[in-house]
Amino acid sequence: MNKPRRRKVERKPTSQDDMISQLEQGSSVSEKSKRFLKDMQSKDADKKSEVHEDPLFNSGAFFDLVLIEYIRPQQDNPRYLPVRSSRSNKEVDESTLDDCVLCEKGILENRLNKSNPRYNEIEKEIEAIKTLADSIKSNGLVQPITVWRGNTSNFPIISGHRRFYAVCFLYGRMVKVKTKIYPEKPTNVNILRHVENFSRADLSASDGLRSYSGAIKDLDAVLTSDITATKRKDIVTHQLGLSQTQYYRFEKAMQYYEALLPILDNGYISSLYTANNDIQKLDKNGGPEKVLQYLAYLSESSKYVEVDLYLSQNTIEKPITKPKRGREKRFISFPKIKVNQSQAIIRLLKEDITQVDTGIDWDTLDMSDPKALEDALSHVIKALCK
0 MNKPRRRKVE RKPTSQDDMI SQLEQGSSVS EKSKRFLKDM QSKDADKKSE VHEDPLFNSG
60 AFFDLVLIEY IRPQQDNPRY LPVRSSRSNK EVDESTLDDC VLCEKGILEN RLNKSNPRYN
120 EIEKEIEAIK TLADSIKSNG LVQPITVWRG NTSNFPIISG HRRFYAVCFL YGRMVKVKTK
180 IYPEKPTNVN ILRHVENFSR ADLSASDGLR SYSGAIKDLD AVLTSDITAT KRKDIVTHQL
240 GLSQTQYYRF EKAMQYYEAL LPILDNGYIS SLYTANNDIQ KLDKNGGPEK VLQYLAYLSE
300 SSKYVEVDLY LSQNTIEKPI TKPKRGREKR FISFPKIKVN QSQAIIRLLK EDITQVDTGI
360 DWDTLDMSDP KALEDALSHV IKALCK
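The sequence shown runs 0 to 385 under numbering that gives the first Met the number 0.
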């Protein structure tokens, strides 16, 4: 059985289409129709203005292949390793390289002195780089290294130090990799680094604090002294992608940056969460001075000591004084004097009573103690009545 043909429905032009067509052809259009058309065009313009045009998307950065040899790690980046190469301008015996990290094809060794404060941290970093190298070998370099162009053979790294070392370890330095290139050094380079580094779960506490410190320096222009604490928090959390809890944790650590950073570097405190809790306890039990004393104690002990244990060993307990019961004394009571003892009052008013021998040691009498004054006055009246 043949199915009936579908009827072809042609769209008829609407009055709006006719109006636009007439206007384009120069035909006569009423003033009311022109106003209506103008209103429609302004609404369309408003819709276009809602398109996101944040400068972040107009940074001028582009992607290109760059020789690893031209890419330069930066010392002020928390991921920086003190790498030396045996493949510089002239051949160098690898065995002569010491107090550095050796990074070449198939070689990634920590040759720092064990006394170096970053020795243990770099040992862990090297293990993480080797794990990343295995991932790159299997899946390729998923996320490009971000750099800025210094010149044709100098591309300082903004973010991607660990990826850089992993590629060197896998393929050496004479290989090209995909990079995201900024035409010049970004003004907010530390913010970009922080956002990049902070997204990694394995970021150490010391690296996180260094990264936050650098990002705050980039925000100095907007974090002026006249803004409120709430406004400051909103700016920092928005720019760095932090939660309020993370913000307050970093801010508390920044108050003791110089003293806390070596403790974090050496691993005596493993996380900013622990550091923040410890600092809050110490603040309640002695303030900033107590915090600095505790951090100095950790540095001398070369190990972590729980705050409660430290406080129990280094706090002198003050004796507990029970508060006096009853209402506080407000008036001094004058002793009762009989009528036939009025001569005592006359002598009390006329003579310098401190020069009369009444048995009171006026030099040691506590003049601020109402009870002691009452007893002294009563004793004087009795002595004068004799």
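Positions of the beta carbon are idealized from the N, C-alpha and C atoms, including for glycine.
Being a predicted model, the structure only gives us computed values, none of them experimental.
Asked                                                                                                                      : Found
Burial state of V221 (16 or more Cβ within 10 Å)                                                                           : exposed
Option nearest M253 by Cα separation, candidates G59, S210, K175                                                           : S210
Ranges of the beta strand (DSSP E) found wholly within the segment 160 to 196, counting only runs of at least 3            : 175 to 181
For V355, the first and last residue of its enclosing alpha helix (DSSP H)                                                 : That residue, V355, is in no alpha helix (DSSP H); it is neither H nor E in DSSP.
A252: CB within 6 Å of a non-hydrogen atom of the ligand NAD                                                               : Here there are no bound small molecules, and the ligand NAD is not part of this structure.
CB of K129 within 7 Å of CB of G171, strictly                                                                              : no
Endpoints, the beta strand (DSSP E) within which C102 is located                                                           : 100 to 103
Endpoints, the beta strand (DSSP E) within which T391 is located                                                           : Residue coverage of the chain in this structure runs from 0 to 385, which leaves residue 391 outside it and unanswerable.
Alpha-carbon to alpha-carbon, N187 and T145                                                                                : 14 Å
Same chain, Cβ closer than 7 Å to R71, five either side skipped, listed in chain order                                     : N153, F154, P155, I156
For R117, the three-state DSSP class (helix, strand or coil)                                                               : coil
7 Å Cβ shell around D368 - same chain, five flanking residues per side excluded                                            : none
Whether N112 touches E122 by CB criterion (7 Å)                                                                            : no
Spatial neighbours of D63 in its chain, beta-carbon cut-off 8 Å, leaving aside the 5 residues before and after             : K177, T178, I180
Cβ contact check for the segment 294 to 306 and the segment 265 to 272: 3 or more pairs under 8 Å                          : yes
S87 in three-state terms, based on DSSP                                                                                    : Here S87 scores only 47 on pLDDT, less than 50, and its place in the model is too uncertain to base an answer on.
Residue interval of the beta strand (DSSP E) (run including L218)                                                          : Premise fails: L218 is in no beta strand (DSSP E) and is neither H nor E.
Selected residue, minimal CA-CA separation from K289, among R248, Q245, T273, Y309                                         : Y309
Chain-order list of residues whose beta-carbon lies under 7 Å from that of Q73 (same chain, five-residue window excluded)  : Y79, P155, I156
P54 (DSSP reduced to helix, strand or coil)                                                                                : The predicted position of P54 is uncertain, since its pLDDT is 47 and thus under 50; a value taken from the coordinates is nonetheless stated next. The answer is helix: DSSP assigns P54 an H, G or I state.
Inter-stretch contact (C-beta, 8 Å, three-pair minimum) for the segment 202 to 217 and the segment 132 to 152              : no
Alpha-carbon to alpha-carbon, L241 and R162                                                                                : 24 Å
Backbone CA spacing between Y69 and D307 [nearest angstrom]                                                                : 52 Å
Straight-line gap, L387 to H193 (C-alpha atoms, nearest Å)                                                                 : A question about residue 387 goes unanswered here, because the residues of the chain that appear run from 0 up to 385.
For N109, the first and last residue of its enclosing beta strand (DSSP E)                                                 : 106 to 109
N-terminal and C-terminal residue of the alpha helix (DSSP H) that I380 is part of                                         : 369 to 384
According to DSSP, residues forming a beta bridge with P72                                                                 : In DSSP, P72 forms no bridge with anything.
Rounded Cβ spacing between I331 and L297 (contact assumed at less than 8 Å)                                                : Going by Cβ atoms, the distance from I331 to L297 rounds to 55 Å, so no, they are not a contact pair.
Beta-carbon contacts of K337 that lie in its chain and below 6 Å, excluding the five residues immediately before and after : none
Assigned secondary structure, F330 (DSSP; H/G/I helix, E/B strand, else coil)                                              : coil
The beta strand (DSSP E) enclosing I157, as first and last residue numbers                                                 : 154 to 158
7 Å Cβ cutoff met for A132 and L169                                                                                        : yes
DSSP state of L347 mapped onto helix, strand, coil                                                                         : helix
Contact under 7 Å by Cβ, L218 with R248                                                                                    : no
Helix, strand or coil at D63 according to DSSP, with G and I counted as helix                                              : strand
Pick from G358, W361, H160, T236 that is closest to I125, judged by C-alpha positions                                      : H160
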